[in-house]
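Undergrad: Chain order of the listed sequences is A and B. Every letter in the first sequence is one number past the one before it in our numbering, and letter 106, counting from 1, is 106. If you want our numbering, it's the 1-based position in the second sequence plus 156. Beta carbons are placed, not taken as given, at the ideal position from N, Cα and C, and that holds for glycine. For clarity, every value in this text was computed on a predicted model and none was experimentally measured. Pasting in a structure now, in structure tokens, and then I'll have a few things to ask.
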Amino acid sequence: MSLELYIDPTPSLDPGRAYTPLFETGGEYARALQGLAGHDRLLARLPVSIFLEIHSYEALERMRDLMRQEPDPAAPWWMPFWPASLFDACGVVSHPALELQGLFPEFARTTLRLRHAQDYERAARDWLFRPRLSVPDYERSVLRFAESLGWEVIHP
Amino acid sequence: MPLGVPLLDEHHLAELQLLDGIDLPAGPRASVIARILDERESQVRPLVRLVEDPASLERRIADMATGLPLGTTLVIRDHEVAELSLADMTQVVEPGSLRLLPISIDDPIAALRQILARLLREGEQVRDLGLIPCFPGMRGASRDDGAEVMTRMARSFWGLFPGDVQSDELRALHHELIKLLHPERYLRFLAFENHALAGFDLYDEAMRGRELDRPPADASRRQRAMVIAIDGIDGAGKSSQLQSLADHLEQQGRSCIIHKIYRHGVFHDTVTDVTRLCAGPSHLHLWRLQRIAKVFDSLKYFFAEVEADLDRYDVVLFDRYVGTHLAAGLGRYHHDPFARELLSVFPPADRTYLLDLDVDVALDRIARRPARTVDENPYMLAQYRQALLAIAQEEGWVVLDSQRGESGLREIIRADVDDFLRGKGA
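Listed below in structure tokens is the structure:
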């Protein structure tokens, strides 16, 4: 089975592109995030690393889930962020993203779509909990992964 | 059973000073920490806040430390870092200064052996200086340089060794050094280190005030359903009691549903793979993740399946509840990795029954099942049992001996629920 990964904070900006979402609007992950959204006092007690870890783990679990469902080879799997770079972008040194990444299935091809800063910020609002995300740090980190892992990079 | 210990002491306050260039974590206690720092500033001495960012400060210290003779100390004061020999240090009386003892990481084991021998020779005068050993460069260079970050431990554990990179021998020598220089905080250091190695940043948590009170509850929720939970270690007989109670309540004309907040399927398989990764001597920082993943799955389940049922049914029954997550954290880590906070959206149970069971009996019952989990061993089951009993006492659960037999338990639980409902006028 030949799997393809598509990393793009806002794939809706390219309406013609087909993809299988690892993070679904209306899915359990999104609903849990929405459910927590009104609990400001609660969220203030949680470090950002918690949500980055949850997000990273969710990516892995969804990949496992899709693997059990005969993936459509014509629709690459979409995720908004590369997990390890999210930690870099939030200044979190201690994180499990590399180990989780090691549990990802092997992708025959990975495409990284870079976007403008506001697109990353929008994606962070949609799929994470208001992290103080440094877009330059994210891009610096994810481009290093792209280079070392041989991804195709599409610039804005 | 403590859920965490306030760990701010003189050293940590000094370290906070060092970290002043970064933001304190956002949260209700940040202002408290700032006030503590300000009070110290006025009472003890004029604190000098280092305004540069910690990464550049570390680089500067690392640059200075390179090539220094072993035993040279660095004194941080008034926006500057000064080099002093150990002997000079005894002449300097600066209670406010931060006194670092940099140790080379080129051959840290040899360096630690030498410095330990020297400190023993120098006597108490030097050992009482309050030197803070540090290992400049241990974490690796800045990621801006493209270098691999060596440590997987949080910034606040500066000076502790990442378990995946450094040897037990090095860690043991470091323990000796801490015991020599700071005997009063040796146990605390070990506690920090153990938690740090398992991915817990107690320092950060202390600053967020986690230990001071319970997480804010969702006061806005008004639900129709009464919530009843049955908890207990594997093999205690929860499922059969729940079904029996549901039948009883339905015979009274009450609508019921049973929920299991610990799910199986792809979630369970995935988190089990993560658990396998951290079950050995390395990747210890993944322990926190596997617990948080389990907690978050229950949270996903709550919003997907439970929340609506709280208004749809008269009684919602739970096969395990929030307490199980708390017990899992306490049982394995002696610490709660944010289950209290994340699961505070679950409404408090009106009645919780703990089916307490002797571990040997539980293992005997479990042995008849086709599959065993990694936690189904005498040690972990005993840990969970103790944690559940401690929580039961704190939360006022009804504790029942699971060996009373199925029918005996059934009658007790039914009678207690009926009494409770009568008391409620329901």
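1) Considering only C-alpha positions, which residue in the set Gly485(B), Tyr469(B), Val472(B), Phe474(B) is nearest to Val590(B)?
2) Where does Ala385(B) fall in DSSP's three states?
3) From the beta carbon of Leu149(A), is the nearest beta carbon of chain B less than 9 Å away?
4) With a threshold of 6 Å on Cβ separation, who are the neighbours of Ser454(B) within its own chain once the five nearest residues in sequence on each side are excluded?
5) Ignore the nearest five residues each way along the sequence and tell me which others in Val462(B)'s own chain have a CB closer than 8 Å to its CB.
6) Is there a Cβ from chain A that is less than 9 Å from the Cβ of Leu445(B)?
7) To which residues does DSSP link Ile587(B) through a beta bridge?
8) Round the Cβ separation of Ser49(A) and His95(A) to the nearest angstrom and send it over; I've been treating them as touching at under 8 Å.
9) With 9 Å set as the bound, which would you pick, yes or no: does the beta-carbon of Ala108(A) sit closer than that to a beta-carbon of chain B?
10) If we define contact as Cβ-Cβ less than 9 Å, is Arg463(B) a contact residue for chain A?
11) Pick out whichever of Asp14(A), Arg17(A), Gly91(A) has its Cα sitting closest to the Cα of Pro133(A).
12) Where does the unbroken alpha helix (DSSP H) through Trp127(A) begin, and where does it stop?
13) Where in the region 34-75 of chain A do unbroken runs of the alpha helix (DSSP H), each at least 4 residues long, occur, reported from the N-terminal end onward?
14) Rounded to a whole number of angstroms, what is the C-alpha to C-alpha distance between Leu100(A) and Ser500(B)?
15) Indicate the three-state DSSP secondary structure (helix, strand or coil) for Leu336(B) in the structure shown.
16) Where DSSP assigns a beta bridge to Asp557(B), which residues make up the other side?
17) Measure the beta-carbon distance from Tyr138(A) to Ser85(A) and round it to whole angstroms, keeping in mind my assumption that it falls under 8 Å.
18) Helix, strand or coil for Leu257(B)? Go by DSSP, reduced to three states.
19) Roughly how far, in whole angstroms, is the beta-carbon of Leu565(B) from the beta-carbon of Gln397(B), given that I think they are within contact range, below 8 Å?
20) Would you mind sorting Glu70(A) into buried or exposed? The rule is 16 or more other CB atoms within 10 Å of its CB.
21) Are the beta-carbon atoms belonging to His420(B) and Arg447(B) less than 9 Å from one another?
22) So, with DSSP's three-state summary, where would you put Leu112(A)?
23) Please check the pair Thr529(B) and Leu60(A), which I expect to be a contact at CB under 8 Å, by giving their CB distance rounded to whole angstroms.
24) Please say whether Leu442(B) and Gly588(B) have beta carbons closer to each other than 9 Å?
25) What residue range is occupied by the uninterrupted alpha helix (DSSP H) comprising Trp443(B)?
26) Indicate whether at least one CB of chain A lies closer than 9 Å to the CB of Gly485(B).
27) Roughly how many angstroms separate the alpha carbons of Ser395(B) and Ala548(B), rounded to a whole number?
28) Would DSSP call His420(B) helix, strand or coil?
29) Among Phe51(A), Ala146(A), Glu121(A), which residue has its Cα nearest to the Cα of Leu112(A)?
30) Determine the chain A residues that contact Phe474(B) at a beta-carbon separation under 8 Å, and present them in chain order.
31) Run the CB neighbour count on Ile386(B), radius 10 Å, all protein chains shown included, and call it buried at 16 or more, exposed below.
32) Suppose you measure from the CA of Leu337(B) to the CA of Ile288(B); what does that come to, to the nearest Å?
33) Using a Cβ-Cβ distance cut-off of 9 Å, determine whether Ala117(A) contacts chain B.
34) Rounded to whole angstroms, what is the Cα-Cα separation between Phe474(B) and Leu98(A)?
35) Could you compute how far the alpha carbon of Pro504(B) sits from the alpha carbon of Ile384(B)?
TA: The answer reads as follows:
1) In the structure as shown, chain B begins at 157 and stops at 582. Residue 590(B) is therefore absent and cannot be evaluated.
2) strand
3) no
4) Ile417
5) His415, Ile417, Val472, Phe502
6) yes
7) The structure shown has nothing for residue 587(B), since chain B only spans 157 to 582.
8) 7 Å
9) no
10) Note on residue identity: the sequence assigns Glu, not Arg, to residue 463(B). Answer yes: the Cβ-Cβ gap between Glu463(B) and chain A drops below 9 Å somewhere.
11) Residue identity differs from the one stated: residue 133(A) is Leu in this sequence, not Pro. Taking only the C-alpha atoms, the option nearest Leu133(A) is Gly91(A).
12) 117-127
13) 40-43, 48-67
14) 27 Å
15) helix
16) Asp512(B)
17) 5 Å
18) strand
19) 6 Å
20) exposed
21) no
22) strand
23) Contact flag wrong, Cβ pair sits at about 20 Å.
24) Because residue 588(B) is not part of the residues shown, which for chain B are 157 to 582, the question remains open.
25) 442-457
26) no
27) 19 Å
28) coil
29) Ala146(A)
30) Within chain A, no residue comes near Phe474(B); the closest Cβ sits about 18 Å away, beyond 8 Å.
31) buried
32) 8 Å
33) no
34) 36 Å
35) 9 Å
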